[in-house]
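FYI, in the numbering used here the residues of the sequence shown are 294 to 600. Beta carbons are placed, not taken as given, at the ideal position from N, Cα and C, and that holds for glycine. Inspection log for the structure reproduced underneath, given as C-alpha coordinates.
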Amino acid sequence: MNYITEGEVASNLKMEEIIDTLRVAFTAYSRGQASVSARMRDYGKNFVLSTMPAVIDTMGVAGAKLYASGKDHSHFLVLIFSTKTKEPIAIIEADKLGQMRTGALAALSSTLAVNKKDINYGIAGSGYQAQSNLEAHAAAFHLKEIKVYSRNFDHSKAFADLMSDKIGMEIIPVRTAEEMIQGSDVINTVTNANYPIITAEMLHGNFHLNLVGSNMPFRREVSNDVLEASDLIFVEHLEQAMKESAEIKEFSENNPERKIYELREIFSEPEIVKERKRTVFKSMGIGLEDVATAWLLLKKLDILKDQ
(Lines of atoms letter the chains of each structure in order from A and count residues from 1; the text may use other names and numbers.)
(Lines give C-alpha, C1' and ligand atoms only; values in the text may rest on other atoms or scores of the structure.)
Protein backbone atom coordinates (compact mmCIF):
# COMPACT_ATOMS: atom_id res chain seq x y z
CA MET A 1 0.00 0.00 0.00
CA ASN A 2 1.20 3.50 -0.86
CA TYR A 3 1.59 6.38 1.56
CA ILE A 4 1.25 9.84 -0.06
CA THR A 5 2.52 12.93 1.76
CA GLU A 6 1.25 16.51 1.79
CA GLY A 7 4.22 17.52 -0.33
CA GLU A 8 3.32 14.99 -3.01
CA VAL A 9 -0.28 16.20 -2.98
CA ALA A 10 0.73 19.85 -3.39
CA SER A 11 3.21 19.16 -6.20
CA ASN A 12 0.92 16.94 -8.28
CA LEU A 13 -2.57 18.44 -8.11
CA LYS A 14 -3.73 21.31 -10.32
CA MET A 15 -6.94 23.22 -9.70
CA GLU A 16 -8.24 22.95 -13.28
CA GLU A 17 -7.86 19.17 -13.18
CA ILE A 18 -9.66 18.88 -9.85
CA ILE A 19 -12.61 20.90 -11.17
CA ASP A 20 -12.85 18.60 -14.21
CA THR A 21 -12.56 15.48 -12.01
CA LEU A 22 -15.32 16.65 -9.68
CA ARG A 23 -17.51 17.26 -12.71
CA VAL A 24 -16.92 13.64 -13.78
CA ALA A 25 -17.59 12.34 -10.25
CA PHE A 26 -20.87 14.22 -9.83
CA THR A 27 -21.97 13.12 -13.29
CA ALA A 28 -21.38 9.52 -12.19
CA TYR A 29 -23.29 10.19 -8.96
CA SER A 30 -26.20 11.65 -10.94
CA ARG A 31 -26.34 8.42 -13.01
CA GLY A 32 -26.32 6.08 -10.02
CA GLN A 33 -22.70 5.08 -10.65
CA ALA A 34 -21.46 6.38 -7.30
CA SER A 35 -22.75 6.44 -3.76
CA VAL A 36 -22.00 8.60 -0.76
CA SER A 37 -23.16 8.87 2.85
CA ALA A 38 -23.47 11.90 5.08
CA ARG A 39 -20.58 12.74 7.36
CA MET A 40 -20.48 10.76 10.59
CA ARG A 41 -19.02 12.28 13.75
CA ASP A 42 -18.00 10.30 16.83
CA TYR A 43 -17.10 12.16 20.00
CA GLY A 44 -14.61 11.53 22.75
CA LYS A 45 -13.31 13.79 25.47
CA ASN A 46 -11.86 16.82 23.65
CA PHE A 47 -11.81 14.75 20.45
CA VAL A 48 -13.99 14.30 17.36
CA LEU A 49 -13.50 11.64 14.67
CA SER A 50 -15.24 12.46 11.38
CA THR A 51 -15.77 9.92 8.59
CA MET A 52 -16.83 10.72 5.01
CA PRO A 53 -17.21 7.61 2.80
CA ALA A 54 -17.88 7.22 -0.92
CA VAL A 55 -17.79 4.63 -3.71
CA ILE A 56 -17.23 5.70 -7.34
CA ASP A 57 -17.79 2.68 -9.59
CA THR A 58 -16.75 4.43 -12.79
CA MET A 59 -13.36 5.32 -11.30
CA GLY A 60 -12.85 1.91 -9.72
CA VAL A 61 -12.23 3.32 -6.25
CA ALA A 62 -13.89 3.49 -2.86
CA GLY A 63 -12.75 5.00 0.37
CA ALA A 64 -13.23 7.60 2.99
CA LYS A 65 -11.83 10.78 4.34
CA LEU A 66 -11.14 10.48 8.07
CA TYR A 67 -10.05 13.30 10.29
CA ALA A 68 -9.41 13.86 13.95
CA SER A 69 -10.27 17.24 15.47
CA GLY A 70 -9.56 18.78 18.83
CA LYS A 71 -9.61 22.24 20.30
CA ASP A 72 -6.76 23.61 18.22
CA HIS A 73 -5.82 21.06 15.56
CA SER A 74 -7.22 18.74 12.90
CA HIS A 75 -5.41 15.98 11.01
CA PHE A 76 -6.80 14.65 7.71
CA LEU A 77 -6.31 11.36 5.86
CA VAL A 78 -7.96 9.74 2.83
CA LEU A 79 -7.96 5.95 2.59
CA ILE A 80 -8.52 4.46 -0.89
CA PHE A 81 -9.49 0.89 -1.90
CA SER A 82 -9.79 -0.67 -5.36
CA THR A 83 -13.35 -1.75 -6.16
CA LYS A 84 -11.86 -4.39 -8.50
CA THR A 85 -9.42 -6.13 -6.18
CA LYS A 86 -10.94 -4.94 -2.87
CA GLU A 87 -7.37 -4.25 -1.76
CA PRO A 88 -6.26 -1.01 -0.06
CA ILE A 89 -4.33 1.18 -2.49
CA ALA A 90 -3.20 4.25 -0.57
CA ILE A 91 -3.30 6.39 2.52
CA ILE A 92 -3.07 10.06 1.61
CA GLU A 93 -2.29 13.00 3.85
CA ALA A 94 -5.25 15.20 3.00
CA ASP A 95 -5.03 18.71 4.44
CA LYS A 96 -3.96 20.25 1.11
CA LEU A 97 -6.19 17.86 -0.84
CA GLY A 98 -9.21 18.99 1.19
CA GLN A 99 -8.35 22.65 0.77
CA MET A 100 -8.04 22.32 -3.00
CA ARG A 101 -11.15 20.25 -3.58
CA THR A 102 -13.20 22.68 -1.44
CA GLY A 103 -12.24 25.55 -3.68
CA ALA A 104 -12.69 23.46 -6.82
CA LEU A 105 -16.21 22.45 -5.82
CA ALA A 106 -17.30 26.06 -5.27
CA ALA A 107 -15.91 26.99 -8.68
CA LEU A 108 -17.70 24.02 -10.26
CA SER A 109 -20.94 25.22 -8.69
CA SER A 110 -20.35 28.69 -10.10
CA THR A 111 -19.79 27.33 -13.62
CA LEU A 112 -23.19 25.61 -13.43
CA ALA A 113 -25.04 28.69 -12.21
CA VAL A 114 -23.29 31.52 -14.08
CA ASN A 115 -23.59 31.49 -17.85
CA LYS A 116 -20.58 33.66 -18.68
CA LYS A 117 -16.80 33.48 -18.35
CA ASP A 118 -16.04 37.12 -17.50
CA ILE A 119 -17.18 37.86 -13.96
CA ASN A 120 -16.63 40.14 -11.01
CA TYR A 121 -15.83 38.14 -7.89
CA GLY A 122 -16.27 38.94 -4.22
CA ILE A 123 -15.12 36.88 -1.26
CA ALA A 124 -15.80 37.15 2.46
CA GLY A 125 -13.03 35.49 4.41
CA SER A 126 -9.25 35.73 4.32
CA GLY A 127 -8.04 32.36 5.59
CA TYR A 128 -6.69 29.08 4.27
CA GLN A 129 -9.87 27.94 2.51
CA ALA A 130 -10.55 31.40 1.07
CA GLN A 131 -7.25 31.14 -0.81
CA SER A 132 -8.25 27.98 -2.66
CA ASN A 133 -11.72 29.33 -3.42
CA LEU A 134 -10.19 32.33 -5.14
CA GLU A 135 -7.60 30.21 -6.96
CA ALA A 136 -10.30 27.87 -8.24
CA HIS A 137 -12.45 30.70 -9.56
CA ALA A 138 -9.40 32.24 -11.22
CA ALA A 139 -8.89 28.87 -12.94
CA ALA A 140 -12.53 28.53 -14.02
CA PHE A 141 -13.32 32.13 -15.02
CA HIS A 142 -11.79 35.32 -16.30
CA LEU A 143 -11.98 37.51 -13.20
CA LYS A 144 -12.38 41.17 -14.09
CA GLU A 145 -12.55 42.53 -10.54
CA ILE A 146 -11.80 40.82 -7.23
CA LYS A 147 -12.76 42.20 -3.82
CA VAL A 148 -12.12 40.68 -0.41
CA TYR A 149 -13.83 41.45 2.88
CA SER A 150 -12.80 40.27 6.33
CA ARG A 151 -14.09 41.48 9.68
CA ASN A 152 -10.47 42.42 10.37
CA PHE A 153 -9.38 44.85 7.64
CA ASP A 154 -5.70 44.05 8.21
CA HIS A 155 -6.51 40.44 7.32
CA SER A 156 -8.20 41.64 4.13
CA LYS A 157 -5.11 43.61 3.16
CA ALA A 158 -2.77 40.72 3.91
CA PHE A 159 -4.95 38.35 1.85
CA ALA A 160 -5.06 40.83 -1.04
CA ASP A 161 -1.26 41.19 -1.03
CA LEU A 162 -0.64 37.43 -0.84
CA MET A 163 -3.17 36.37 -3.44
CA SER A 164 -2.44 39.23 -5.85
CA ASP A 165 1.09 37.83 -6.13
CA LYS A 166 -0.21 34.25 -6.45
CA ILE A 167 -2.73 34.79 -9.24
CA GLY A 168 -1.17 37.84 -10.87
CA MET A 169 -4.18 40.15 -10.47
CA GLU A 170 -5.03 43.10 -8.30
CA ILE A 171 -7.29 42.25 -5.37
CA ILE A 172 -9.13 45.06 -3.64
CA PRO A 173 -9.53 44.85 0.15
CA VAL A 174 -12.76 46.47 1.35
CA ARG A 175 -14.06 47.42 4.78
CA THR A 176 -17.66 46.19 4.56
CA ALA A 177 -19.57 43.22 3.21
CA GLU A 178 -21.74 45.63 1.23
CA GLU A 179 -18.69 46.93 -0.65
CA MET A 180 -17.57 43.38 -1.40
CA ILE A 181 -21.01 42.41 -2.75
CA GLN A 182 -21.58 45.50 -4.88
CA GLY A 183 -21.13 44.61 -8.54
CA SER A 184 -20.03 41.01 -7.86
CA ASP A 185 -21.50 38.29 -10.09
CA VAL A 186 -20.20 35.51 -7.84
CA ILE A 187 -19.92 35.90 -4.06
CA ASN A 188 -18.16 33.40 -1.82
CA THR A 189 -18.41 33.28 1.95
CA VAL A 190 -15.57 31.32 3.55
CA THR A 191 -15.78 32.33 7.21
CA ASN A 192 -16.36 30.91 10.68
CA ALA A 193 -19.13 33.42 11.40
CA ASN A 194 -21.73 32.52 14.02
CA TYR A 195 -24.04 35.33 12.89
CA PRO A 196 -24.98 36.43 9.36
CA ILE A 197 -22.59 38.70 7.54
CA ILE A 198 -24.86 39.00 4.48
CA THR A 199 -28.56 39.90 4.45
CA ALA A 200 -30.99 40.20 1.56
CA GLU A 201 -31.02 43.99 1.66
CA MET A 202 -27.32 43.97 0.72
CA LEU A 203 -28.02 42.03 -2.50
CA HIS A 204 -29.13 43.86 -5.64
CA GLY A 205 -29.77 42.37 -9.08
CA ASN A 206 -28.53 38.93 -10.05
CA PHE A 207 -26.03 36.90 -8.05
CA HIS A 208 -24.59 33.46 -7.43
CA LEU A 209 -23.63 32.86 -3.81
CA ASN A 210 -21.42 30.02 -2.56
CA LEU A 211 -21.71 29.45 1.20
CA VAL A 212 -18.55 27.52 2.01
CA GLY A 213 -17.47 28.47 5.50
CA SER A 214 -19.14 26.12 7.94
CA ASN A 215 -20.43 22.60 8.46
CA MET A 216 -21.49 23.23 12.05
CA PRO A 217 -25.18 23.86 12.83
CA PHE A 218 -24.49 26.71 15.26
CA ARG A 219 -22.82 28.85 12.59
CA ARG A 220 -24.35 30.86 9.77
CA GLU A 221 -22.98 33.19 7.13
CA VAL A 222 -26.21 34.59 5.67
CA SER A 223 -29.64 35.41 7.03
CA ASN A 224 -32.72 33.40 6.12
CA ASP A 225 -34.04 36.18 3.89
CA VAL A 226 -31.08 35.68 1.54
CA LEU A 227 -32.28 32.17 0.76
CA GLU A 228 -35.86 33.37 0.52
CA ALA A 229 -34.77 36.03 -2.01
CA SER A 230 -33.08 33.42 -4.21
CA ASP A 231 -34.76 31.51 -7.03
CA LEU A 232 -32.62 28.36 -6.74
CA ILE A 233 -30.93 26.69 -3.76
CA PHE A 234 -28.77 23.60 -4.11
CA VAL A 235 -26.50 21.49 -1.90
CA GLU A 236 -24.19 18.49 -2.31
CA HIS A 237 -26.13 16.13 -0.05
CA LEU A 238 -29.47 17.16 1.42
CA GLU A 239 -29.39 14.84 4.43
CA GLN A 240 -26.02 16.19 5.46
CA ALA A 241 -27.05 19.80 4.86
CA MET A 242 -30.15 19.37 7.02
CA LYS A 243 -27.97 18.10 9.87
CA GLU A 244 -25.10 20.54 9.59
CA SER A 245 -26.27 23.80 7.98
CA ALA A 246 -28.27 26.28 10.05
CA GLU A 247 -29.20 28.18 6.89
CA ILE A 248 -30.57 25.16 5.03
CA LYS A 249 -32.39 23.67 8.02
CA GLU A 250 -34.09 26.94 8.93
CA PHE A 251 -35.05 27.72 5.35
CA SER A 252 -36.50 24.25 4.81
CA GLU A 253 -38.55 24.41 8.00
CA ASN A 254 -39.88 27.90 7.21
CA ASN A 255 -40.49 27.28 3.50
CA PRO A 256 -41.66 23.67 3.09
CA GLU A 257 -43.08 24.45 -0.36
CA ARG A 258 -39.63 25.40 -1.71
CA LYS A 259 -37.48 22.60 -3.12
CA ILE A 260 -33.80 22.41 -2.23
CA TYR A 261 -31.95 20.60 -5.01
CA GLU A 262 -28.95 18.33 -4.74
CA LEU A 263 -25.97 18.96 -6.99
CA ARG A 264 -26.46 15.60 -8.69
CA GLU A 265 -29.95 16.74 -9.78
CA ILE A 266 -28.40 19.76 -11.49
CA PHE A 267 -26.13 17.37 -13.41
CA SER A 268 -29.08 15.14 -14.32
CA GLU A 269 -31.28 18.04 -15.40
CA PRO A 270 -29.16 21.08 -16.30
CA GLU A 271 -32.29 22.92 -17.40
CA ILE A 272 -33.06 23.38 -13.68
CA VAL A 273 -30.48 26.16 -13.62
CA LYS A 274 -31.57 27.87 -16.82
CA GLU A 275 -33.18 31.27 -16.34
CA ARG A 276 -32.35 31.27 -12.63
CA LYS A 277 -30.85 34.62 -11.74
CA ARG A 278 -30.36 34.54 -7.96
CA THR A 279 -28.79 31.25 -6.93
CA VAL A 280 -27.33 29.90 -3.68
CA PHE A 281 -25.10 26.87 -3.23
CA LYS A 282 -24.38 25.61 0.28
CA SER A 283 -21.18 23.54 0.34
CA MET A 284 -20.70 21.11 3.22
CA GLY A 285 -18.01 18.78 1.88
CA ILE A 286 -18.78 15.12 1.13
CA GLY A 287 -16.56 12.09 0.70
CA LEU A 288 -17.26 11.86 -3.03
CA GLU A 289 -15.07 14.93 -3.56
CA ASP A 290 -12.17 13.59 -1.51
CA VAL A 291 -12.25 10.13 -3.11
CA ALA A 292 -12.47 11.59 -6.62
CA THR A 293 -9.58 13.99 -5.97
CA ALA A 294 -7.57 11.12 -4.49
CA TRP A 295 -8.26 9.09 -7.66
CA LEU A 296 -6.91 11.98 -9.76
CA LEU A 297 -3.79 12.18 -7.60
CA LEU A 298 -3.12 8.45 -7.77
CA LYS A 299 -3.57 8.48 -11.55
CA LYS A 300 -1.02 11.28 -11.85
CA LEU A 301 1.40 9.33 -9.68
CA ASP A 302 0.95 6.25 -11.94
CA ILE A 303 -0.40 4.24 -9.02
CA LEU A 304 -3.73 3.51 -10.76
CA LYS A 305 -2.41 2.44 -14.14
CA ASP A 306 -5.15 -0.14 -14.66
CA GLN A 307 -8.04 1.85 -13.21
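query, result
"Just list the beta strand (DSSP E) runs in the region 312–357, keeping only unbroken ones of 3 residues or longer that don't cross its boundaries, in chain order.", "327–329, 333–337 and 340–349"
"According to DSSP, what are the bridge partners of Ala417?", "Tyr442 and Thr482"
"Within this structure, are the beta carbons of Glu380 and Val302 separated by less than 8 Å?", "no"
"Quick one: grab the DSSP three-state call for His501.", "strand"
"Among the candidates Ile373, Arg394 and Ser343, whose CA atom is the shortest distance from the CA of Asp350?", "Ile373"
"Roughly how many angstroms lie between the CA atoms of Leu597 and Leu306, to the nearest whole one?", "15 Å"
"What does DSSP give as the partner residue(s) for Arg571 in the beta ladder?", "Phe500"
"Please report the Cβ distance between Ala347 and Leu581, rounded to the nearest whole angstrom; I am assuming they are in contact, meaning their Cβ atoms lie under 8 Å.", "4 Å"
"Beta carbon of Ser545: closer than 7 Å to some heavy atom of the ligand FMN?", "Looking at this structure, you won't find the ligand FMN or any other ligand, since it has none at all."
"Would you say Ala399 and Ala429 are within 8 Å of each other, going by their C-beta atoms?", "yes"
"Go ahead and label Met352 buried or exposed: buried means 16 or more other beta carbons lie within 10 angstroms of its beta carbon, across all protein chains shown.", "buried"
"Once the 5 residues before and after Ile559 are set aside, which same chain residues still bring their CB inside 7 Å of it?", "Leu405, Phe527, Ile565 and Val566"
"Look at the alpha carbon of Ala534 and the alpha carbon of Lys575, and state the distance between them as a whole number of angstroms.", "8 Å"
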